[in-house]
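J.:
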Amino acid sequence: MTALISLHNIVLGKVDLASNWLTPTLARLVFVAVLLVYYWNSAMLKIDGSIFSPSAGAFGQIFPKAAEAVLYDVSQMTFFQRVVIFFGTVAEFVLPALLLVGLFTRLAALGMIGFIWVQTLVDVTGHGVKLGSLFDAAPSIMDQRTMWTFLMLVIVINGAGPISLDRILRLK
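Okay, structure coming up:
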């Protein structure tokens with residue numbers, strides 16, 4: 001038993017030593033593998049030739065009830081709706097890109113947390129998605145978005161890791 005405990009402590013002691021650089025690096029890698037293309041594809045659906053030309057899809061995704069009321073006619077969008085769609089689309093491109101290269105990573109992760117929960121609010125109130133709850137047997141959007149938020153919190157807490165522009169520029 002002593003040998004097993006010793007082996008355990010040696011192996012996991014090395015993991016502990018590596019956790020300062022390994023944890024944030026793996027968090028960014030998981031984000032890139034799982035969510036980067038998801039967000040970029042979503043952003044691409046929101047533009048109609050230019051970032052300044054929101055698509056009917058953007059109108060329907062972000063303001064579903066308002067878009068449906070005017071049969072998805074983008075010329076009926078209000079100034080406020082256009083501004084929200086523009087900044088939401090920019091955020092969907094810029095925040096994941098910053099996380100990818102590890103630049104202003106902690107701020108980008110905080111921005112993504114806000115984006116995730118605004119997205120969740122729109123999904124629930126605008127699209128009728130059931131929020132669900134934590135600590136039950138049925139995986140739901142609440143479970144998914146909580147996991148995404150946790151991933152972003154790991155980056156907020158630990159930074160970008162050694163393979164990042166933050167490290168090159170000596171940003172915290």
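Be aware that the sequence shown starts at 1, since it is given in my numbering, and climbs by one per residue. Using N, Cα and C, we set each Cβ at its ideal position, and we do this for glycine too.
According to DSSP, simplified to helix, strand and coil, what is P139?
T.: To locate residue 139, count along the sequence shown from 1; it is residue 139. Coil at P139, not helix or strand.
J.: Given a cut-off of 7 Å on the beta-carbon distance, is the pair M77 and F59 in contact?
T.: For the purposes of this step, residue 77 is identified with residue 77 of the sequence shown, where counting begins at 1. For the purposes of this step, residue 59 is identified with residue 59 of the sequence shown, where counting begins at 1. Yes, the pair counts as a contact, with Cβ atoms nearer than the cut-off.
J.: Within the chosen definition, does the region 16-36 reach the region 65-79 through at least 3 CB pairs nearer than 8 Å?
T.: Verdict: no, contact absent.
J.: Using alpha carbons as the reference points, say which of L165, K172, I157, G49 lies closest to S19.
T.: Position 19 of the sequence shown, counted from the first residue, corresponds to residue 19. Per the Cα distances, I157.
J.: Start and end of the alpha helix (DSSP H) containing S19?
T.: By 1-based counting over the sequence shown, the position of residue 19 is 19. Start and end: 2-31.
J.: Work out the CA separation of M147 and K130 for me, nearest whole Å.
T.: Here residue 130 refers to the residue found at position 130 of the sequence shown. Here residue 147 refers to the residue found at position 147 of the sequence shown. Straight-line Cα distance between these residues: approximately 17 Å.
J.: Are at least three pairs of beta-carbons, each pair with one atom in the region 133-150 and one in the region 85-92, less than 8 Å apart?
T.: Counting Cβ pairs under 8 Å, fewer than three are found: no touch.
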